[in-house]
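Okay, structure first, notes after.
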Amino acid sequence: MAAELTVHQLIAKHRPTLDQALEAIRTRAYWSPHPEHPKAYGEHGSLDMAAGKAAFDALLGTRLDLGQPGTDDFVGGEVSPYGIELGVEYPHADVDVLLPAMKAGQKAWRDAGAEIRAVVCLEILKRISDRTHEFAHAVMHTSGQAFMMAFQAGGPHAQDRGLEAVAYAYVEQVRTPDTAEWTKPQGKRDPLALTKQFTPVPRGIGLVIGCNTFPTWNGYPGLFASLATGNAVLVKPHPRAMLPLALTVQVARDVLSEAGFDPNLVALTAERPGEGIAKTLATRPEIRIIDYTGSTAFGDWLEANARQAQVYTEKAGVNSVLVESAGDYKGMLTNLAFSLSLYSGQMCTTPQNLLIPRDGIRTDEGPKTFDEVVADLARSVDGLLGDDARANALLGAIVNPDVKARLEAAAGLGEVALASREIANPEFPGAVVRTPVVVKLDGAKPDDEAAYMSECFGPVSFAVAVDSASDAVELLRRTIREKGAMTVGAYTTDEEVEQAVQEVCLEEAAQLSLNLVGGVYVNQTAAFSDFHGSGGNPAANAALCDGAFVANRFRVVEVRREA
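Under the UniProt record's numbering, the residue at position 304 of the sequence shown is numbered 304, and the numbers go up by one with no gaps.
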């Protein structure tokens, strides 16, 4: 009775939020139930800034025992990009024990129905939201994001994406009614009459393979889409970013248990150094859904080898911004400078290639040569990052040595228009902080093409000289088609050029941002309104979030009876 009462309480508590989310994905208007400002927390049971930091500090050097079956070891080893050893240990699983235990609770979870699953998911998100300050430090010290970005992207924005996935999952599941009375006339004979029952059934166990840079933002959509559609979910975090997802699993297990469900519906398995358990897990017959964010090579491997599973990947791409003309030249430069600098370019949506006609562009300040545009952009980045305190707040820290190596190697690829410089972080002397590098390349040279047609993840951008606007459009098309793109930007005052760019993005399925000069940037997307990726080009086979992202995580099974 207590568990049933708890479920009724959860419906009363969260159904209004679910209804608002359903309306938001219908209208695509701005909406979020999760405050973006740190000072909004501290009431109604949520942790304020000091309490959140204290909660994070209390985790350091501890063992996070989740009480899971099959735990055969505890592993750790996370070192913050800011130079702190976290010292947290996480459960390592004997999957031959854990996976059967996860399947055991699926029947009750399936039979609960779409609404109950949705409100349980919303309770999980609410409890995570109450601990946003704690989670922000966990994200900051595993991803290298600066605190404010870790707070917003790792907190409310990630929670929004999780809630968005729950809303889409609910819509798709209730599209078919629970029951139907079916009658077919037979002329003079009695009609045929059947009672039909329709039940959404889960595929099986979902596997979430976490990423280093955005463990919650990229992890929550798949986790909550699978859970809301009746599947158990096993979370395999990135070895350098375990804490945020481990805390998430801990919260989920607590809520499931309190609501009367098996906590093993959500579990975590960390990996020993060099173990590489993702491939082993991905091909297990019990794993029927996989969500992955990371390198193209492993994403392609999953798509080719995890044949028993429905695989959703967000891989790498080469994002381009076409600069043909500018109606607000200073606004364009300021917007681009921020886009190139945010989180040291360690976002799958950061622009890499700036396609600029070699004869220059038209602007509201008169004509500008190619060299002038690039030099002005370099000055804009320098101005944005000239103050070290501000630079640290925007750049965060380099997430791993590979990014640092790519940054240092990029300077040898062409003429450096903006050199990267090292910035000290007084609070975290161990942090590796670098400003972006901008390198000039020639779009007509094969050696240069090898550089700009490859993803260079991190604070590296190429100013690519092209012969004309039409050549820029065709290079844009080829880049999306061959390499994929999570984002495309364009600056033009020419209607024909705008239409040509738009047509390329429609044909090649890439998300386009035109003439952004204000406080919205090409590398940011808003849940409930913007689609992250399209699923239609090589950068990703799924979009966050649409009906296709959730609809194949369950199937509808029909039972017919004589009326």
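Think of the CB as a built atom: it goes at the ideal place given N, C-alpha and C, for glycine as much as any other residue.
#1: Helix, strand or coil for H44, going by three-state DSSP, please let me know.
#2: By the 10 Å Cβ neighbour count, where 16 or more other Cβ atoms means buried, how is P237 classified, buried or exposed?
#3: Round the Cβ separation of P81 and I356 to the nearest angstrom and send it over; I've been treating them as touching at under 8 Å.
#4: Taking DSSP as the reference, what is the three-state secondary structure of Y292?
#5: Whole angstroms is fine: what's the gap from T313's alpha carbon to V139's?
#6: Ordered along the chain, which non-local residues of its own chain (more than five positions away) have a Cβ less than 6 Å from that of L223?
#7: Of the choices A180, W301, G77, whose alpha-carbon is the least far from that of G274?
#8: Could you check the C-alpha separation between residue 566 and T369 for me, to the nearest Å?
#9: State buried or exposed for W217, treating a residue as buried only when at least 16 other CB atoms are found within 10 Å of its CB.
#10: Using alpha carbons as the reference points, say which of A180, R203, G204 lies closest to T193.
#11: Helix or strand or just coil, what does DSSP make of S513?
#12: Excluding the 5 residues preceding and the 5 following E562 in the sequence, name in chain order all residues of the same chain whose CB lies nearer than 8 Å to its CB.
#13: Tell me the residue span of the alpha helix (DSSP H) that contains K483.
#14: Relative to the alpha-carbon of residue 564, which residue among V438, K404, D402, R390 has its alpha-carbon at the smallest distance?
#15: For R433, which of helix, strand or coil comes out of DSSP?
#16: Please name the residue, chosen from G345, A108, D402, R189, that lies closest to V381 on a Cα-to-Cα basis.
#17: What does the Cβ neighbour count give for Q186, buried or exposed, with the cut at 16 atoms within 10 Å?
#18: Do the segment 416-436 and the segment 256-274 make contact, defined as three or more Cβ pairs closer than 8 Å?
#19: Rounded to the nearest angstrom, what separates N305 and G294 at their Cα positions?
#20: Decide yes or no for the touch test of the segment 327-337 against the segment 515-526: beta carbon pairs closer than 8 Å, at least 3 of them.
#21: Helix, strand or coil for N392? Go by DSSP, reduced to three states.
#22: Is it the case that the Cβ atoms of D130 and S46 are separated by a distance below 8 Å?
#23: Going by DSSP in three states, E172 sits in which element: helix, strand or coil?
#24: Which same chain residues, not among the five before or five after P285, have their C-beta less than 7 Å away from its C-beta?
#25: What's the call for P262, buried or exposed, on a 16-neighbour Cβ count within 10 Å?
#26: Does the pairing of the segment 40-57 with the segment 22-29 give three or more beta-carbon distances under 8 Å?
#27: For the beta strand (DSSP E) containing K315, name the first residue and the last one.
#28: Can you give the Cα-Cα distance for N541 and H157, rounded to whole angstroms?
#29: Keeping to the same chain, check which residues put their C-beta closer than 7 Å to that of S226; ignore five residues upstream and five downstream.
#30: Can you tell me whether T142 is buried or exposed, with buried defined as 16 or more other CB within 10 angstroms of its CB?
#31: Does the segment 359-374 come close enough to the segment 313-325 that 3 or more CB-CB pairs lie under 8 Å?
#32: Measure the C-alpha to C-alpha separation of E134 and A241 and round it to an integer number of angstroms.
#33: Would you report the Cα separation of G443 and F298, rounded to the nearest angstrom?
#34: Compute the beta-carbon to beta-carbon distance between Q352 and N400, rounded to the nearest angstrom, for a pair I have assumed lies under 8 Å.
#35: When burial is assigned at 16 or more other CB atoms within 10 Å of the CB, is Q9 buried or exposed?
#36: Within the continuous alpha helix (DSSP H) that includes L59, where are the two ends?
Here's the rundown:
#1: coil
#2: If you draw a 10 Å sphere on the C-beta of P237, you find 16 or more other C-beta atoms in it, and that means buried.
#3: The pair is not a contact, with the Cβ atoms about 33 Å apart (cut-off 8 Å).
#4: strand
#5: 21 Å
#6: Contacts found: V208, V233.
#7: G77
#8: Since the first residue shown for the chain is 1 and the last is 563, residue 566 is missing from the structure and cannot be characterised.
#9: buried
#10: As written in the sequence, residue 193 is Ala, which differs from the Thr given in the question. Ranking the options by Cα distance to A193, first place goes to A180.
#11: strand
#12: A193, L194, T195
#13: In this chain, the alpha helix (DSSP H) harbouring K483 covers 469-483.
#14: It is not possible to answer for residue 564, since the shown part of the chain is limited to 1 through 563.
#15: According to the sequence shown, residue 433 is Val rather than Arg. Three-state DSSP puts V433 in coil, outside helix and strand.
#16: G345
#17: exposed
#18: no
#19: 16 Å
#20: Taking a cut-off of 8 Å on C-beta distances, the segment 327-337 touches the segment 515-526, as three or more cross pairs fall below it.
#21: helix
#22: Contact flag set, yes.
#23: helix
#24: Q308
#25: As written in the sequence, residue 262 is Asp, which differs from the Pro given in the question. Classification of D262: buried, given that the 10 Å Cβ count is 16 or more.
#26: no
#27: Run containing K315: none; DSSP gives neither H nor E here.
#28: 22 Å
#29: Once the five neighbours on either side are set aside, the close Cβ partners of S226 are G206, V233, I289, R553.
#30: Buried, by the Cβ-count rule.
#31: yes
#32: 15 Å
#33: Each residue's alpha carbon lies about 29 Å from the other.
#34: Rounded, the Cβ-Cβ distance is 18 Å, inconsistent with contact.
#35: exposed
#36: 49-59
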